[in-house]
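Asks: I am attaching a structure below and will ask some questions about it afterwards.
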């Protein structure tokens, strides 16, 4: 038996207000942008979650009060039981998938597969948020192996008039189609019953929802956006090692030349298996680790370079390392006199499936996954 998907009663802003209410992920805003948005647009989701409260509990209480105010002012409403098709159009590509509920029990029983370890502290922090606020404002991202009947259904459905369509401030187009027919919802559920579901992004939110359910004897759904493997966009996560001494650089180059294949030359960011590009002192080097193991290049880099040369044993905690998604990488922003840049190849989606199917996890920051989803577009309230 594989994972089940469910319809849900979305908490959503009224059609004429949804463009101004929904936001990019909170972490994508600078302090200046948050201040300006709060000033210019008092009905955005930022107005609900922004607070000067000093403790998490007081902050969460404030969020609950703000949500109630938005409901009382008829900015937010609760929809009938539905599943949604959501399409996001960027200047580079289009993502189309299903927004629905997925069960914490399916996650607990391994029917929703993972490829990343979670951190207990982060799990508990979001669990505490859920215990008070009782709302998912942003879906986790799930993926599955490509299935022709789902693809045909979605392609046919998006020919209909959309429920909501708007362009956001970052020039992305967002389109929703609402499916509230019980017969149609049942058909969609049958399509997905033959599939394994894999968490692409949102491991901590899924784990925290399960923690909340177990503590409160509940059985909630987690809000999810499910897209096919051919819709997922996987980018490299490049590494910058900060404040490297001249001596460390010389020792690193000497050792890499001695033990591996190191070639000085031009940048080739689309490196192959076991290859990494290094940028230091305004020069590019290509290193081939020549490993015959099935280890990911991020693992090999950590074992052969980051740990022995820079004493980086845990990349989550180290202040020496910074991660840059491939699409946000700008060479002119790299100070190669003080730092070393390691450019890594992309990881394919089948690698994520392989790790998940073996119940194995990948190292942190192995890959940067798109699409990044809009917060407050569709929300799910917990019991």
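Numbering (the working numbering), first residue to last: -15 to 367.
Ideal placement from N, C-alpha and C gives every residue a C-beta, glycine not left out.
All of these numbers come straight from a predicted model, not from anything done at the bench.
Sort 283, 89 and 147 by Cα distance to residue 221 and report the nearest one.
Replies: For the residues 283, 89 and 147, the minimum Cα distance to residue 221 belongs to 283.
Asks: Between residue -12 and residue 88, how many whole angstroms is the CB-CB distance? I'm expecting something under 8 Å.
Replies: That belief does not hold up - the Cβ atoms of residue -12 and residue 88 are roughly 12 Å apart, past 8 Å.
Asks: Pop quiz: residue 351 and residue 331 are said to be a contact at Cβ under 8 Å. What is the actual Cβ separation, rounded to whole angstroms?
Replies: Confirmed, about 5 Å.
Asks: Let me know if residue 77 comes out buried or exposed under the rule of 16 or more other beta-carbons within 10 Å of its beta-carbon.
Replies: That one is exposed.
Asks: Provide the residue span of the alpha helix (DSSP H) that contains residue 174, from first to last.
Replies: Segment 166 to 176, the alpha helix (DSSP H) holding residue 174.
Asks: Contact defined as beta carbons within less than 8 Å: I believe residue 233 pairs with residue 207. What is the distance between those atoms, to the nearest angstrom?
Replies: That pair is no contact at about 47 Å.
Asks: Looking only at its chain, what residues have a beta carbon closer than 7 Å to the beta carbon of residue 101, apart from the 5 residues adjacent to it on each side?
Replies: 345, listed in sequence order.
Asks: For the alpha helix (DSSP H) containing residue 293, list its first residue and its last residue.
Replies: First-last of the alpha helix (DSSP H) with residue 293: 291 to 294.
Asks: Taking residue 81 as the reference, which of 108, 148 and 128 has the closest Cα?
Replies: Minimum Cα distance to residue 81 is reached at 128.
Asks: Assuming the contact rule is C-beta atoms closer than 8 Å, residue 228 and residue 328 should be a hit. Round their C-beta distance to whole Å, please.
Replies: About 18 Å; that fails the 8 Å criterion.
Asks: Decide if the stretch 126 to 146 is in contact with the stretch 50 to 57; the criterion is three or more beta carbon pairs, one per stretch, under 8 Å apart.
Replies: Touching, no.
Asks: If you count every other CB in all the chains shown that lies within 10 Å of the CB of residue 103, and 16 or more means buried, which is it?
Replies: Flag for residue 103 reads exposed.
Asks: Just how far apart, CA to CA, sit residue 22 and residue 6?
Replies: So the alpha carbons of these two residues sit roughly 13 Å apart.
Asks: Would you decide whether residue 211 is buried or exposed? Buried here means 16 or more other CB atoms lie within 10 Å of its CB.
Replies: Its Cβ being crowded by 16 or more others within 10 Å, residue 211 is buried.
Asks: Is residue 35 buried or exposed, if buried means 16 or more other CB atoms sit within 10 Å of its CB?
Replies: Answer is exposed; the Cβ neighbour count stays below 16.
Asks: So what does DSSP say about residue 280, is it helix, strand or coil?
Replies: Residue 280: coil per DSSP, three-state reduction.
Asks: Less than 8 Å between the CB atoms is what I'm expecting for residue 157 and residue 73, so what's the real figure, rounded?
Replies: With a Cβ gap of about 4 Å, residue 157 and residue 73 count as contacting.
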